[in-house]
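In full-length UniProt numbering, the protein residues as written are 1 to 477. Here is the structure we will look at, set down as structure tokens.
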């Protein structure tokens with residue numbers, strides 16, 4: 001490239017590149033060595049993680065040098081080979097976030113080489129894993145632990161509780177499909193008793209009728225008698241839930257919850273007899289959470305069964321439910337007058353013309369997520385009446401959406417940001433909860449890793465947004 005671009009200070013180029021999308025950064029990076037070095041600056045890749053599959057064997061030196069320049073602190077590894085893990089530890093020893101998409105006991109032992117590890121996800125074990133304090137070099141440093149489809153040598157609840165209790169500074173714990181068949185309330189009770197700093201807990205619910213009519217008093221793991229207090233816990237997720245999987249007063253264990261997400265296994269329209277249960281535990285759970293500010297419900301009982309129990313303190317609401325009626329929307333608006341964030345996705349029906357009522361029902365909204373399908377243009381454009389709306393995400397894709405989004409932005413004097421593609425999600429997020437969240441935006445690009453050549457411009461065809469073999473992939477942390 002000619003000399004003029006070099007006359008600008010690198011700080012100016014970095015400021016300009018900061019406005020580019022990831023795809024455009026990759027195109028600029030392919031122009032010349034000078035731009036490749038500038039685009040690799042760490043300030044442009046903050047909070048990004050690399051996805052490594054090792055399909056083509058080991059990566060070469062220039063590949064790792066590029067990642068170190070970008071100050072990559074997180075990695076998703078799709079290999080169980082010990083030599084691949086050793087190369088990663090030698091090349092990126094400062095990693096703080098690791099996701100083991102495939103795990104084995106041998107690859108688990110390699111975690112000791114990452115001395116700065118604070119966030120760990122272990123998924124899809126091919127055999128039972130022995131997880132204890134010796135698994136990582138500094139167990140007290142670990143604050144986030146996520147386990148999905150992982151089995152322990154024994155299916156007893158005590159083995160899981162014993163393993164996680166070794167990481168005493170955990171603030172976030174995810175346990176999905178662990179092969180433990182004891183009642184979910186016992187697991188909640190035991191975990192809260194051994195992790196006093198825990199702020200977020202996500203569990204997949206055991207599919208059995210809860211035999212406890214009330215929260216159990218004694219700690220089943222052998223701790224002190226009496227109810228467990230959970231002053232730090234502020235967020236709870238229940239995956240694959242059924243209404244009778246937990247006792248009616250389960251939330252009394254966690255009265256300080258500020259965020260509750262319940263992902264039901266079935267909607268009331270999917271039940272075999274199509275008749276909802278006369279008892280709705282969710283109604284009682286919500287009544288016992290006076291400080292709740294964030295609520296997400298996926299499937300489950302009819303909205304009219306629990307809407308009257310939604311605390312008025314809720315400012316963020318996600319409803320992906322079936323049979324959502326205009327009457328339900330009106331009842332919700334009466335319960336949450338200060339709602340700021342709304343994600344509404346009725347299924348299998350659609351909002352349709354009812355979209356125009358959203359500004360009347362929820363006038364304080366700042367963020368909104370919905371589908372555009374079957375919404376007339378004039379009803380959709382009525383969203384400009386939301387004076388405080390700053391962000392709108394459209395969950396489905398239509399060819400004319402960019403044009404329609406432009407019309408809506410013009411009506412708001414361009415204060416509104418409209419997204420028509422899914423936003424990136426936390427690389428540590430488990431796929432079990434992504435049924436309600438947009439698919440992770442993963443951008444792949446050829447990197448010439450074996451030759452050390454500059455990257456070619458990415459082709460933005462559909463497969464380029466999915467992890468591919470022999471490619472370097474990036475996702476947001």
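Glycine included, each C-beta is placed from N, C-alpha and C at the ideal position.
Using 10 angstroms around the beta-carbon of residue 123, count the other beta-carbons present and answer buried if the total reaches 16, otherwise exposed.
buried
Go through the region 89-167 residue by residue and report every complete run of the alpha helix (DSSP H) that reaches 4 residues or more, in order.
105-109 and 157-165
Closer than 8 Å is the cut-off here; do at least three beta carbon pairs connect the region 67-78 with the region 94-107?
yes
In whole angstroms, give me the CA-to-CA distance for residue 310 and residue 335.
7 Å
DSSP state of residue 172 mapped onto helix, strand, coil
strand
Look up residue 394 in the DSSP assignment and say whether it is helix, strand or coil.
strand
At a threshold of 6 Å, does residue 432 count as lining the ligand SAH (C-beta to nearest heavy atom)?
For the structure depicted, the ligand SAH is absent and the ligand set is empty, with no information on it obtainable.
Is residue 46 helix, strand or coil when you go by DSSP?
coil
Does the beta-carbon of residue 8 have 16 or more other beta-carbons within 10 angstroms, so that it is buried, or is it exposed?
exposed
Between residue 264 and residue 300, is the Cβ-Cβ spacing less than 7 Å?
yes
For residue 361, report the span of its alpha helix (DSSP H) as first-last.
358-361
Alpha carbon to alpha carbon, how far is residue 54 from residue 246? Give it in angstroms, no decimals.
43 Å
Pick out whichever of 333, 406, 84 and 133 has its Cα sitting closest to the Cα of residue 416.
406
Spatial neighbours of residue 121 within its chain, please: C-beta separation below 6 Å, excluding the five flanking residues on both sides.
99, 146 and 428
Please tell me whether residue 118 and residue 135 are closer than 7 Å, where the distance is taken between their beta carbons.
no
Collapsed DSSP secondary structure at residue 203 in the structure displayed:
strand
CA nearest to the CA of residue 43, picked from 19, 23 and 51:
19
In terms of alpha-carbon separation, which member of 266, 260, 305 and 267 lies closest to residue 294?
260
Alpha carbon to alpha carbon, how far is residue 197 from residue 168?
8 Å
Could you compute how far the alpha carbon of residue 298 sits from the alpha carbon of residue 262?
6 Å
Residue of 318, 46 and 205 minimising C-alpha distance to residue 482
Nothing can be reported for residue 482, as the shown portion of the chain is limited to 1 through 477.
Contact under 7 Å by Cβ, residue 194 with residue 165:
yes
Restricting to runs no shorter than 3 residues, where is the beta strand (DSSP E) found entirely within the region 371-430?
391-394 and 417-419
Quick check on the DSSP output: the alpha helix (DSSP H) that includes residue 248 runs from which residue to which?
Segment: none, residue 248 is in no alpha helix (DSSP H) and carries neither H nor E.
If you follow the beta strand (DSSP E) that residue 264 is part of, which residue opens it and which one closes it?
259-267
Helix, strand or coil for residue 296, going by three-state DSSP, please let me know.
strand
Ordered list of beta strand (DSSP E) runs contained in the region 291-358, each at least 3 residues
294-300, 316-320 and 341-344
Name the DSSP beta bridge partners of residue 194, please?
Note: residue 194 sits in no beta bridge, so no partner.
Counting along the chain, where does the beta strand (DSSP E) carrying residue 11 start and finish?
Element bounds for residue 11: not the beta strand (DSSP E) but the alpha helix (DSSP H), 10-17.
Label residue 338 either buried or exposed according to how many other C-beta atoms from any shown protein chain fall within 10 Å of its C-beta, with 16 as the threshold for buried.
exposed
Measure the C-alpha to C-alpha separation of residue 374 and residue 354 and round it to an integer number of angstroms.
10 Å
Beta-carbon proximity list for residue 13, same chain, < 7 Å, skipping 5 on both sides:
38
Helix, strand or coil for residue 289? Go by DSSP, reduced to three states.
coil
Please check the pair residue 318 and residue 296, which I expect to be a contact at CB under 8 Å, by giving their CB distance rounded to whole angstroms.
4 Å
Have a look at the DSSP bridge pairing and note the partners of residue 86.
According to DSSP, residue 86 bridges with nothing at all.
Whole-angstrom Cβ separation of residue 112 and residue 128, contact assumed at under 8 Å?
Contact doesn't hold; Cβ gap of about 19 Å is too wide.
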